[in-house]
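Peer 1:
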Amino acid sequence: MGVSAGGIAPLQGVDAGQSPAREPVIVSKNLTIGYKLHRERKLLTALKDINLTIYKGEFVCLLGPSGCGKTTFINAISGLVPPWEGSIEVDGRPVTGPGPDRGMVFQDYALMPWRTVESNVRMPFEFQDLKLSKAQIDERVARYLELVELTGFEKSFPYELSGGMKQRVGIARALATEPKILLADEPFAAIDAMTREAMQSELERFVTKTRQTVVFITHSIDEAITLGDRIVVISRRPGRIKEVIDVNLPRPRFDQELKSLPEYAEIREHIWRLVKDEALSGAHGDD
Ligand SMILES: Nc1ncnc2c1ncn2[C@@H]1O[C@H](COP(=O)(O)OP(=O)(O)OP(=O)(O)O)[C@@H](O)[C@H]1O
Ligand SMILES: [Mg+2]
């Protein structure tokens with residue numbers, strides 16, 4: 686079902702529901718992915734039969750219980766894990782590995798401990814030839830560190846930072862190359878409530894401007910409703926799509942008292958029931 690509320694206002698100002706101009710960017714067809722558990726000598730199915738099309742400029746949030754395969758799904762989009770069955774395509778081509786069109790904010794930050802903050806953000810430019818001069822790269826690194834409020838910490842090493850600061854370095858690193866697709870794995874999980882709201886607002890403003898397509902994992906229903914054009918609720922492992930919910934609340938969402946809208950409460954209640962059902966249903970692995 687789609688819980689609709691008010692006028693549709695996806696990030697690009699294009700009707701995400703009906704416009705013929707919608708351009709598919711990420712297409713997952715019957716995608717099943719698992720892992721070989723060497724110790725137990727068995728296979729574990731993480732995701733099962735995922736059919737999902739994500740359109741250009743859309744902000745899609747993934748919500749579901751721990752271990753349901755959310756990280757696995759964005760790893761498949763970024764080319765870090767291959768499909769077992771089915772397919773995953775980006776811009777009409779099967780994903781075969783990572784590329785500069787996809788930037789990733791990792792759940793565990795994935796910072797290089799021997800590199801400074803600045804050097805961590807600079808790293809993707811060393812692996813991807815983006816045809817930028819050194820001065821342009823310097824400007825990007827400084828600009829994105831400023832965006833995540835880490836100016837002044839350029840020379841710090843990761844061990845000198847708090848969890849939230851490390852996470853913000855990871856966000857700056859993913860954004861600095863200005864990828865067409867941003868894959869964000871719980872990017873605000875380690876950030877305090879006040880900064881988190883500021884960063885949500887900043888991200889909404891930012892991706893509206895850059896027209897990036899975003900796949901964003903969160904455990905927060907409120908964060909998903911605040912940011913998402915659509916919310917994909919995934920069931921327990923093996924993860925299947927339980928429901929895709931349209932969030933047709935007006936944007937920019939940070940300029941209004943979103944939470945006081947009756948539509949907000951309606952969507953929240955609906956998602957809460959879905960998530961609660963999953964939490965209470967218990968594990969039922971079929972692997
Ligand atoms: N490299 C791996 N090797 C073996 N099993 C893995 C590997 N990565 C993930 N898994 C398993 O796949 C399942 C899905 O994991 P995944 O990390 O995608 O879940 P998630 O939804 O991101 O969870 P969380 O919300 O806790 O981050 C889990 O059961 C996990 O144990
Ligand atoms: Mg995860």
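Under my numbering, read the sequence shown as residues 686 to 972, first letter to last. Yeah, the Cβ is synthetic: ideal placement off N, Cα and C, and Gly gets one too. In this text, all values refer to a predicted model and were calculated from it rather than measured experimentally.
Whole-angstrom Cβ separation of A731 and I718, contact assumed at under 8 Å?
Peer 2: Confirmed, Cβ separation roughly 5 Å.
Peer 1: If we count the other Cβ atoms within 10 Å of its Cβ and call it buried at 16 or more, is M884 buried or exposed?
Peer 2: Label assigned to M884: buried.
Peer 1: Comparing alpha-carbon positions, which option in T862, V766, W769, R787 lies nearest V775?
Peer 2: Ranking T862, V766, W769, R787 by Cα distance to V775 puts R787 first.
Peer 1: Taking T738 as the reference, give the member of A761, L835, I773, P798 with the closest Cα.
Peer 2: Nearest C-alpha to T738: I773.
Peer 1: Please find out if some non-hydrogen atom of ligand 2 comes closer than 6 Å to the beta-carbon of K755.
Peer 2: For ligand 2, at least one heavy atom lies less than 6 Å from the Cβ of K755.
Peer 1: Sort K840, L846, V712 by Cα distance to S804 and report the nearest one.
Peer 2: S804 has its Cα closest to that of K840, out of K840, L846, V712.
Peer 1: How about G855 and A875: are their beta carbons less than 7 Å apart?
Peer 2: Cβ distance not < 7 Å, so G855 and A875 don't count as in contact.
Peer 1: Three-state secondary structure (DSSP) at E811?
Peer 2: E811: helix per DSSP, three-state reduction.
Peer 1: Classify N933: buried if its beta carbon has 16 or more other beta carbons within 10 angstroms, exposed otherwise.
Peer 2: It is buried - the Cβ of N933 has at least 16 other Cβ atoms within 10 Å.
Peer 1: Applying the 10 Å Cβ sphere with the 16-neighbour rule, what's the burial state of T836?
Peer 2: Result: exposed.
Peer 1: What are the start and end residues of the alpha helix (DSSP H) that includes V826?
Peer 2: 819-832 is the span of the alpha helix (DSSP H), which, as asked, contains V826.
Peer 1: Considering only DSSP beta bridges, list what A869 is partnered with.
Peer 2: Partner(s): V790, F901.
Peer 1: Answer yes or no: do L748 and V899 have a C-beta to C-beta separation smaller than 7 Å?
Peer 2: Their beta carbons are not under 7 Å apart, which means L748 does not touch V899 by this criterion.
Peer 1: How do the region 909-917 and the region 761-769 stand: do at least 3 beta-carbon pairs fall below 8 Å, yes or no?
Peer 2: No, because fewer than three Cβ pairs between the region 909-917 and the region 761-769 fall closer than 8 Å, the two stretches do not touch.
Peer 1: For E908, is the classification buried or exposed, using 16 other Cβ atoms within 10 angstroms of its Cβ as the cut-off for buried?
Peer 2: It is buried - the Cβ of E908 has at least 16 other Cβ atoms within 10 Å.
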